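What follows is a set of notes on a single structure, which appears directly below.
2 protein chains.
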Amino acid sequence: MIITAFLALCTPSLAAEQSNLHLMPAPEQLELRQGKLRINGNFSVTIAGNHDPRIISAISRMIQRVQQKTGIPFAPSTVIVPAPQEAVLQIHCGDKKETINHPTADESYQLEVTERGARLSTASPTGILRGLETFLQLIDLDKESFFIQAVKIEDRPRFRWRGLHIDVSRHWQPVDVILRNLDGMAAVKMNVFHWHLSDDQGFRVESRKFPKLQLKGSDGNFYTQAEVKMIVSYAYDRGIRVIPEFDMPGHTTALIVAYPELAGVPGPYQIERSWGVFDPCMDPSKESLYVFLNTFIGEMAALFPDPYFHTGGDEVNGKQWDASARIKAFKSRKKFKNNSDLQAYFNQRLQKILAAHGKKMIGWNEILHPALPKSVMVQSWQGQNSLIESARMGHDVILSRGYYLDHMRPASFHYGIDPGDIAGLTNEESARIIGGEACMWAEFVNPDNIESRIWPRTAAIAERLWSPQDVKDVRDMYRRLEYVSRELDALGLKHQDNHLAMIRRIAGNQSIIRLKQFADLLVPTGLGPRQRSRKYYSYTPLNRLVDAVFPESDTSRHLNDLVDDALIKKSYSSESSLLIREMLTGWIDHESLIEIKMLIEESFLLEEIKPLLEMVTELSQKGFEALRYLESQEKPPEAWQIESADLLTRSEKPIAEMLPAIAIPIKKLIEAANALPER
Amino acid sequence: MIITAFLALCTPSLAAEQSNLHLMPAPEQLELRQGKLRINGNFSVTIAGNHDPRIISAISRMIQRVQQKTGIPFAPSTVIVPAPQEAVLQIHCGDKKETINHPTADESYQLEVTERGARLSTASPTGILRGLETFLQLIDLDKESFFIQAVKIEDRPRFRWRGLHIDVSRHWQPVDVILRNLDGMAAVKMNVFHWHLSDDQGFRVESRKFPKLQLKGSDGNFYTQAEVKMIVSYAYDRGIRVIPEFDMPGHTTALIVAYPELAGVPGPYQIERSWGVFDPCMDPSKESLYVFLNTFIGEMAALFPDPYFHTGGDEVNGKQWDASARIKAFKSRKKFKNNSDLQAYFNQRLQKILAAHGKKMIGWNEILHPALPKSVMVQSWQGQNSLIESARMGHDVILSRGYYLDHMRPASFHYGIDPGDIAGLTNEESARIIGGEACMWAEFVNPDNIESRIWPRTAAIAERLWSPQDVKDVRDMYRRLEYVSRELDALGLKHQDNHLAMIRRIAGNQSIIRLKQFADLLVPTGLGPRQRSRKYYSYTPLNRLVDAVFPESDTSRHLNDLVDDALIKKSYSSESSLLIREMLTGWIDHESLIEIKMLIEESFLLEEIKPLLEMVTELSQKGFEALRYLESQEKPPEAWQIESADLLTRSEKPIAEMLPAIAIPIKKLIEAANALPER
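Residue numbers (the numbering used here), protein chains in the order written: chain A, 9 to 687; chain B, 9 to 687.
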């Protein structure tokens, strides 16, 4: 972002204004100007140039949102005035010809705001959608009215593929959940919804050619073709492409339940109810498989208009291939050295079928093979090696490693993963890295908690993929992320509401003020640790605190910032140190814990958190003592050092599949106290 | 409720359990039993007897709600098992023939819960709907699992007409708002949705016979006939009758805009944009009016299947009738002494038209007239006199006086209004009082705040109309109301979410923890004071704090309870007095007010509350001092007494159209201190 250079020239008051903007993703170039555009009952819009119907509907939605953000009622019909009339917001869309959602769509826009009005100009419709989100994010209020800071923005994305992948197979997600996530994606300028529609645990879309797929493979939870069309159209209206994924040849149990003859082993098969990598797999040696795939892909290609089509290809364990004499004979006939060669053969056939239906193939990085046609795009999830290798081998490639939302890492972690920060590639090879995708795998998410696992963290990934590489101040990212999270809530996303509803349920619908504060200190463990902690099935209730708490603890992060500041300044009696003390004593003072303890006593769902509450109290106590040592510059006695080391070790072991996130800043305090010189 | 008598026989632990139930409305008879029915993944239902499709869909919704209340996933298809199989919940619906939503529907049910299962038995389908709501309200959790307390309930409503009236004319309410309110009504067993569809400010339903009604009279905000049908069917599925109201002959400006020839004065007319009683009125002397009404009512009668049809009839100011020589001539020809006689003539004609279309007429109490046919039902809004008079004159009558939600009275006020508590009527006359309706007039509500004005207070009215007359413990009502309010939130109502969203908007989307606490001390003024405070129009933004704060202050009520307890016990250093001190000091301590003051500085929407914040600080300070005088039993000096009297007087004047609700308990403390004897 070129702001930084510009700020040197700014008057101090302008610099202060800049820090009040909440744009996310940050634009490529932003220049602050003097003055403010007032937003009031006279708000109006004109449209010049291209009148694509999607622009008109985007403007109607924008007007609704201006109304919602300000509480000023106005009817869209009176706000949109015919050009060349004067209007508060003038929209000029160029006639550059393109399909609005084409992968090479021009998403750039220019937005100029003065005291007298705003002007949004683009070469093509997609830019209008992006620019309107920026316009909405700029609305603020001051002592006089709602307003938009005078500003000049030139903006375009750094990567052209900025996706969110949602697995609807392991846990079913109804239509309204999908629509809300599309709203969230549009708000942070993401442009690809990657829809993981089939896996071992469910086949989730209606096929008219092969109705057994949904009848036998979905437990009744599937999208009708009408629903798919509605979702695709809803997404396209928001500048989001929809890429379906039908994972094959592995991860196909649900499909094989319906059509066991497609597998290498006769069966019978049942929908998988647990998590992991399973044996059922298509048999690439059967010609009938390709007949099936040709018809099936033909049907789905018509349903999903995007030129790309994802065919999975991950985690084929090969057990059924090794177990089948027929397949072994086929392999030796074809002179395949291993199952990887067999999968490559399958992928070559698959790619031809897709091409015949006008589709480009994408697959997970396991499909990489010297025989894979260069036109196939690769999605790298297992590490940077496959990213580099794909680019070198001539494939377009997107990054998902580091963007796995089910690992429950903080936004700052994902924010630090940059698909453009790859050493050792030529310019031509680098250019093949076209973006990335956040991935929401669904072992531990259901409609209650999926939004709190996706949002707001995905907004940080969206910024990484849109904004210039040098936009990477983590504290400023979090300042804006907290704001954006509230904006997403106002937009209708349920990451906050459902989180509260889940905690209320755990507490038997009692008042949860203190329990919520406690929950805000905790984080859930990620996929791996949860899998190891107990046996989970798709029907296991996800109604415990671990399922409800946010993936990252804002409270602990605030505490961590205060601790960092205190340690850097070596100042332990300043105002921020007072705040640290205040935050910690709240969890030591037994008076204030009574409400939580009463709830724990009354709820079987809370019983397991009792040791966590004790752990937080112990940690707070030790943190408090460490701060006292630091203040007095007196090295703690050896016994204290041993005790606190033991506590920190214990704090790293999950309790009730959660971790006390405040252990991280408290560890810093303890280690700083222990490092004090002997006096 | 017969509980009280029964409790004397209870073991103490059963009595304690009773106080943990959250049923609202309270059932007619409830007998606690030993033991608990466990609710877990094995939950199942059988249905015996009547298989009305509405029972099946009610059970499906109930299963979804059990899932939502417990977080245990199960598919309705596997939960409903065919009788006579064993099931956790056995439903037996008798074959008593009736239309499910007929005004005389039998709503009674018996629910018996033991450790082994629950049995819901009714004579007819409506009872099933009511009983399932009770079943859902009984779900709780303990140290072991979700459960339902063993219990035997025999329940039936005290009044058969328990309504909610919503005005969608003055401010438009979209379909989703209506549907959510129907969900809320069903949850508290209300059975009549009275839909105020036309008034001076808008005509809100599509007419195919007279399309100018919506084209000219609605600003584009109207329900299509398809939407009306969907809403009626949604309501009927939940045991709620839908009564349309087309207010006439007055309150008809929007209708007359479309068809000015129906008025007594030529016009032209415009949709009314302000609030009050206006002149435009139908001309009862024109035969063409009755031709219009016959066609219009015929169309609407087919759209709304309920036998009742509301024709308003309120607030006819008669100015147009007095101004028209034609009408005056008509009156003298007919020997009408006054406009009341003319309106009675209109109503007689109207009643005949309604009867011809199979409808019974209802109107507001102004229609009372000796000439009014006895079959017409009266809705009393102007006082008990009209209630008594209607019953004496032989009309069925419902009460709305005292149930006006726009007056911003606390739930306890409405709870104290009992339509059955009328002296001086014979039994036959009393029997004509068939219920009541909460009224949500819409001068100051829009989709953002309508739910917080209706809920949870309406649940208290629902209880008054359903439960036995002797259920009237106000504190216990509030204990359950707070719980039910959270349940309504979980059910999807937005009284809490939208309230928070509005406060967040006022605060420029900043963190609002402290501002929310402050807002919880305030209450909005009602319709009258707001009307007098400034000129309002239908397009005036309702985006200020007065529009967001809840109609009653739970915080102040809690404080009031503590103060009452302290004053009764004359104990000023007990734990409850400590709590009083703690609550008050939070508003004196300037440190903790910084967040609010910063927000006020930055928002034009908050500027007006600055004096309120000062007022709350002053009140808290004085309350704190009063408590000190009470503790020391030292009479406050005269100057303090004068000062505090002045403060209390000032606290009764609205600021920013709000009042500090905590003034009420603080006044009690001050008065008690002032009443201390001289020493």
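C-beta atoms are modelled at their ideal positions from N, C-alpha and C, and glycine is treated no differently. Since we're looking at a predicted model, the values are computed, not measured.
So, helix, strand or coil for residue i, using DSSP?
i	result
residue 503 of chain B	coil
residue 580 of chain A	coil
residue 648 of chain B	helix
residue 363 of chain A	helix
residue 420 of chain B	helix
residue 547 of chain B	coil
residue 42 of chain B	strand
residue 81 of chain A	coil
residue 143 of chain A	helix
residue 342 of chain A	helix
residue 179 of chain A	coil
residue 686 of chain A	coil
residue 32 of chain B	coil
residue 298 of chain B	helix
Taking its Cβ as the centre, do 16 or more other Cβ atoms sit within 10 Å of residue i, making it buried, or is it exposed?
i	result
residue 210 of chain A	buried
residue 13 of chain B	Any reading at residue 13 of chain B must be qualified, since the residue scores a pLDDT of 36, below 50, and its modelled position is unreliable; the value itself is stated next. Label assigned to residue 13 of chain B: exposed.
residue 391 of chain B	exposed
residue 21 of chain B	Any reading at residue 21 of chain B is ruled out, since the residue's pLDDT is 42, under 50, leaving its predicted position unreliable.
residue 368 of chain A	buried
residue 44 of chain B	buried
residue 19 of chain B	Model confidence at residue 19 of chain B stands at a pLDDT of 42, short of 50, so the residue's coordinates are unreliable and nothing is read from them.
residue 432 of chain B	exposed
residue 285 of chain B	exposed
residue 217 of chain B	exposed
residue 536 of chain A	exposed
When the distance is taken between beta carbons, is residue j closer than 8 Å to residue i?
i	j	result
residue 513 of chain B	residue 457 of chain B	no
residue 110 of chain B	residue 56 of chain B	no
residue 546 of chain B	residue 592 of chain B	no
residue 322 of chain B	residue 279 of chain B	no
residue 607 of chain B	residue 587 of chain B	no
residue 169 of chain A	residue 200 of chain A	yes
residue 298 of chain B	residue 361 of chain B	yes
residue 492 of chain A	residue 464 of chain A	yes
residue 215 of chain B	residue 307 of chain B	yes
residue 488 of chain A	residue 423 of chain A	no
residue 76 of chain B	residue 498 of chain B	yes
Just to confirm the assignment, what range does the beta strand (DSSP E) spanning residue i have?
i	result
residue 317 of chain B	316-318
residue 201 of chain B	200-207
residue 53 of chain A	53-57
residue 121 of chain A	117-121
Indicate whether at least one CB of chain C lies closer than 8 Å to the CB of residue i.
i	result
residue 192 of chain B	In the displayed structure, chain C is absent; the protein chains listed are A and B.
Going by DSSP, what residue range makes up the alpha helix (DSSP H) through residue i?
i	result
residue 163 of chain A	Where residue 163 of chain A is concerned, there is no enclosing alpha helix (DSSP H), although the beta strand (DSSP E) it sits in stretches over 154-163.
Original post:
If contact means a Cβ-Cβ distance below 7 Å, which residues of the segment 79-104 of chain B contact chain A?
Top reply: The residues in question are 79, 80, 81, 83, 85.
**OP:** With 7 Å as the C-beta to C-beta threshold (strictly closer), list the residues of the segment 547-574 of chain B near chain A in chain order.
**Re:** Answer set for the segment 547-574 of chain B: 547, 549, 550, 551.
**OP:** Please name the residues in the segment 389-403 of chain B whose beta-carbon is closer than 9 Å to at least one beta-carbon of chain A, in chain order.
**Re:** Listed by position along the chain: nothing, the set is empty.
**OP:** Could you please tell me which residues of the segment 600-621 of chain A, in chain order, have their CB closer than 8 Å to any CB of chain B?
**Re:** Taking 8 Å as the upper bound on Cβ-Cβ separation, chain B lies near residues 609, 610, 611, 612, 613, 615 of the segment 600-621 of chain A.
Subject >> Interface residues of the segment 129-153 of chain B facing chain A [CB-CB below 7 Å] >> reply: So the list reads 148, 149, 150, 151, 152, 153, given in the order they occur along the chain.
Original post:
Of the residues that make up the segment 482-511 of chain B, which ones have a beta carbon closer than 7 Å to any beta carbon in chain A?
Top reply: For the segment 482-511 of chain B, the set of residues with a beta-carbon nearer than 7 Å to any beta-carbon of chain A comprises 491, 494, 495, 498, 505, 509, in chain order.
Original post:
Between the segment 511-533 of chain B and chain A, which residues of the former have CB atoms less than 7 Å from a CB of the latter, in chain order?
Top reply: Here the close residues are 512, 513, 516, 517.
Original post:
the segment 206-236 of chain A: which residues have C-beta closer than 8 Å to a C-beta of chain B, in chain order?
Top reply: Hits within the stretch, in order: 227, 228.
**OP:** Give the residues from the segment 445-474 of chain A that approach chain B closer than 9 Å (Cβ to any Cβ), ordered along the chain.
**Re:** If the cut-off is 9 Å between Cβ atoms, the segment 445-474 of chain A has 454, 456 near chain B.
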